[in-house]
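Undergrad: Chains as they are written, first to last, in the working numbering: chain A, 1 to 186; chain B, 187 to 414. Heads up, the beta-carbon is just placed ideally off N, CA and C, and yes, glycines get one too. Here's a structure for you.
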Amino acid sequence: MNKIQNFLAIPATCLALCSCGLFDTESEYVGGDFSKLVQGDQEWNDTIDVVDNLGIQDSYKQRLYSHTFENFDFEANGNINEIHVKVRIECSKDGGNLVVLCGENDSNTEAPTFTNLDGDKMTNAQGYTIRMLDSLKVGNSTYRNVFEFDATDVKNNKCIYDKFYINASKGLLRINLQDSIKIERQ
Amino acid sequence: MRTNNFFAKMASIAFIAMCYTACGDSFHTDSCDEVYYPNYKLADCQKEVGNFQKGKTTHYIHSNGFEFDLTVIKDSTFTDKWSDFCTEAKEEDRIVQLASTYPIITVKVNFYGKTEKKSKKTASDSSKPMTVSHGGTSYQMELDSAGNPQETGIKGDVSLLDTITFNGVTYDSVFVIMDSGHYDALNYNDKTFANGKLSHLYFSKTKGILKFETTNGESFTIKEGDNE
C-alpha cells in the first residue's frame, strides 16, 4: 500500500510544481529594446528637483522596482504639480506587457497598454507610442537607455501629459504637457 | 482501520470548516428589531458657505513665488446611499472642486448632509461637516447653522480673526482652522506624532479660501486687485 502511495506521490508533486512554473522550460522575458528596463535588480526611492520652462520649481518623489526577468515598476509624483507618472512592465513568454497609469488612482481599464513588447518602438490601437531611445540630453547630463511615452497623436488622450521620459536607473527625466510646457530634472 | 480513522478525521474537519464558512450567518447573535431609514439632507449653510459658484475664479500666489488661478470646475450635489447595522440611509452630499490649468493644483471641498428634515426640532443641532483638502493636507470643520466653522476637536482648532490683510487687501471675520492631521477628537498631536508641519486654513464665509497652508511647509494666498 505504501509503495503505491509513494509511486503516485512523485508524479503528483511534479505536476503541482510544474503548474506553478518551477520547471517551466519556456522562460519569461521583455522583448526588444524594452528589455533594457529590466536588466538589473533595483529597489529604491528618492526625491528629485525639477524646473519647468516657466521657471516654476517643483520636486518629484519617485520609486523604482526592477527585477531581471520579472518586472519593472516605476512611479513619480509631483509635489506642487499634481502629475503622476507610473509605468509597469510584467515579463511574459510573449515579450511582456507594459501599462502606463496616468492618474493617481488609475485603474488598468483605460490605461494605455502595450502587449508582446518587441523592437524599439510600438504604437497601440489608441495611438499611444512607446520608444526606447539610446540617449537623451537633459540639462548638462546625457542619459542612456531612455524610455519615451508619446501621446501627441492620440485624439482622446487620457493622460495629463503629452510625453514623458524616464531612465532605466535614474527615473524621471522630462515631462511635456499642454503643448508648450516642459518640466525637466535638475 | 488506520485509513478509516484518517478519513473520519478529515470529514470532521471539512464539516466544521463548512459550518464556519458557508453557515457564517448562523453564528450572528445580533438582530434588528426595526430598520431605520434616515434621509439626510444638506443644511442651507452647506450650500452657500464659501461662495463656491461654478466658474468662479480666484487668483493666488504660491509661497514658491508663482501665481495661478483656481477656478471652481465642479459643483455637484448628489444622493449617496449607505447602510450600517439597522440603518439604511440616504445622504445628500456636495462636492466642489477647484483647479488651476497650470501648475496643476486641485482643491476639493466636501459637504456631507447630516440634517434630517423629518425632525425639524433637531435639525439646527445636527452635524454640518465641511472638509477642504489639497494634496496630503486636509481641514475638517463643523459649521453652525449660519455657516460659521465651530471648534470640534480640541480648544483652538478653530479661531476667528476680526481682520487680516493678504497682499494689500484686508478681510473681515476670517476663520483660522487647524489641519486635521494634528488633532483628533480628544487630543492635540504635536509634530512628534503628526505627519508634517502644523498648518492652517484661512477661510472666509463669503470669499472662500484665503490662505491654504500645507503640512510640507508650503502655502498659497489669495491675491486680489493687481494680479500682474
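Would you tell me roughly how many angstroms separate the C-alpha atoms of A/SER92 and A/THR142, rounded to the nearest one?
TA: Mapped onto the first sequence, residue 92 of chain A falls at position 92. Mapped onto the first sequence, residue 142 of chain A falls at position 142. Put simply, the backbone Cα of A/SER92 is about 31 angstroms away from that of A/THR142.
Undergrad: Please report the Cβ distance between B/LYS383 and B/THR407, rounded to the nearest whole angstrom; I am assuming they are in contact, meaning their Cβ atoms lie under 8 angstroms.
TA: For the purposes of this step, residue 383 of chain B is taken as residue 197 along the second sequence, with counting starting at 1. For the purposes of this step, residue 407 of chain B is taken as residue 221 along the second sequence, with counting starting at 1. No, B/LYS383 and B/THR407 are not in contact; Cβ-Cβ is about 16 angstroms, not under 8 angstroms.
Undergrad: In the DSSP assignment, find the alpha helix (DSSP H) that holds B/GLU234 and state where it starts and stops.
TA: As a working mapping, residue 234 of chain B is identified with position 48 in the second sequence. Per DSSP, B/GLU234 belongs to the alpha helix (DSSP H) from 230-234.
Undergrad: Output yes if chain B places a C-beta closer than 7 angstroms to the C-beta of A/GLU184; else output no.
TA: Taking the first sequence and counting its residues from 1, the one referred to as residue 184 of chain A is at position 184. Closer than 7 angstroms: no.
Undergrad: Any idea which residues DSSP pairs B/GLU328 with across the strands?
TA: Against the second sequence, residue 328 of chain B aligns to sequence position 142. B/GLU328 pairs with B/PRO315 and B/GLN336.
Undergrad: Any Cβ of chain B within less than 7 angstroms of the Cβ of A/ASN81?
TA: Indexing the first sequence from 1 puts residue 81 of chain A at position 81. Taking Cβ atoms only, chain B reaches closer than 7 angstroms to A/ASN81, which makes this a yes.
Undergrad: Please state whether the Cβ-Cβ distance between B/SER313 and B/LYS300 is less than 7 angstroms.
TA: As a working mapping, residue 313 of chain B is identified with position 127 in the second sequence. As a working mapping, residue 300 of chain B is identified with position 114 in the second sequence. Contact: yes.
Undergrad: Return the residue from the list B/LYS240, B/GLN232, B/GLU274 and B/TYR357 that minimises the CA-CA distance to B/PRO335.
TA: Position 149 of the second sequence, counting from 1, holds the residue named residue 335 of chain B. Taking only the C-alpha atoms, the option nearest B/PRO335 is B/GLN232.
Undergrad: Reducing DSSP to helix, strand and coil, say where B/THR400 ends up.
TA: Locating residue 400 of chain B in the second sequence gives position 214, counting from the first residue. Residue state, collapsed to three classes: coil.
Undergrad: Quick check: is the beta carbon of A/ILE48 nearer than 7 angstroms to any beta carbon in chain B?
TA: Here residue 48 of chain A refers to the residue found at position 48 when the first sequence is read from its first residue. No, its Cβ sits nowhere closer than 7 angstroms to a Cβ of chain B.
Undergrad: What are the residues of the segment 217-244 of chain B that lie near chain A, defined by any Cβ-Cβ distance shorter than 8 angstroms?
TA: none
Undergrad: Applying the 10 Å Cβ sphere with the 16-neighbour rule, what's the burial state of A/LYS137?
TA: Here residue 137 of chain A corresponds to residue number 137 of the first sequence, with the count starting at 1. Looking at its Cβ environment, which holds fewer than 16 other Cβ atoms inside 10 Å, A/LYS137 is exposed.
Undergrad: By the 10 Å Cβ neighbour count, where 16 or more other Cβ atoms means buried, how is B/LEU329 classified, buried or exposed?
TA: Within the second sequence, numbered from 1, the residue matching residue 329 of chain B stands at position 143. That one is buried.
Undergrad: Would you call A/ALA125 buried or exposed, if buried means 16 or more other Cβ atoms sit within 10 Å of its Cβ?
TA: Numbered from its first residue, the first sequence carries residue 125 of chain A at position 125. Its Cβ having fewer than 16 others within 10 Å, A/ALA125 is exposed.
Undergrad: On the CB-based measure, 16 or more other CB atoms within 10 Å of its CB, does B/GLN239 come out buried or exposed?
TA: The count along the second sequence starts at 1 and reaches residue 239 of chain B at position 53. A residue is called buried when at least 16 other Cβ atoms come within 10 angstroms of its Cβ; B/GLN239 does not meet this threshold and is exposed.
Undergrad: With distances taken between CB atoms, is the gap from B/GLU410 to B/VAL362 smaller than 7 angstroms?
TA: Against the second sequence, residue 410 of chain B aligns to sequence position 224. Against the second sequence, residue 362 of chain B aligns to sequence position 176. Judged by their CB atoms, B/GLU410 and B/VAL362 are not nearer to each other than the 7 angstroms cut-off.
Undergrad: Find the nearest neighbour of B/HIS368 within the set B/VAL344, B/LYS391, B/PRO315 and B/VAL360, judged by alpha-carbon distance.
TA: Taking the first residue of the second sequence as 1, we reach residue 368 of chain B at position 182. Checking every option, the nearest Cα to that of B/HIS368 belongs to B/VAL344.
Undergrad: Which residue's Cα is closest to the Cα of B/TYR226: B/PHE352, B/THR244, B/ASN353 and B/ARG280?
TA: Taking the first residue of the second sequence as 1, we reach residue 226 of chain B at position 40. Answer by Cα proximity: B/ARG280.
Undergrad: List, in order along the chain, the chain A residues whose C-beta lies closer than 7 angstroms to that of B/ILE290?
TA: The residue given as residue 290 of chain B occupies position 104 in the second sequence. Correct list: ASN81, GLU82, ILE83 and ILE160.
Undergrad: Are the C-beta of A/ILE56 and some C-beta of chain B separated by less than 7 angstroms?
TA: Against the first sequence, residue 56 of chain A aligns to sequence position 56. A/ILE56 counts as touching chain B.
Undergrad: Starting from A/ILE175, find everything on chain B with Cβ-Cβ shorter than 9 angstroms and list it in chain order.
TA: Locating residue 175 of chain A in the first sequence gives position 175, counting from the first residue. Here the premise fails: no neighbours, minimum Cβ distance about 11 angstroms.
Undergrad: Only counting the same chain, and skipping five residues up and downstream in sequence, which positions put a Cβ closer than 6 angstroms to that of B/THR243?
TA: Sequence index remark: in the second sequence, residue 243 of chain B carries index 57 (1-based). Once the five neighbours on either side are set aside, the close Cβ partners of B/THR243 are ASP255 and THR257.
Undergrad: Please give the ranges of any beta strand (DSSP E) in the segment 78-125 of chain A, keeping only runs that are unbroken, at least 3 residues long and fully inside the region.
TA: 84-90, 97-101 and 121-123
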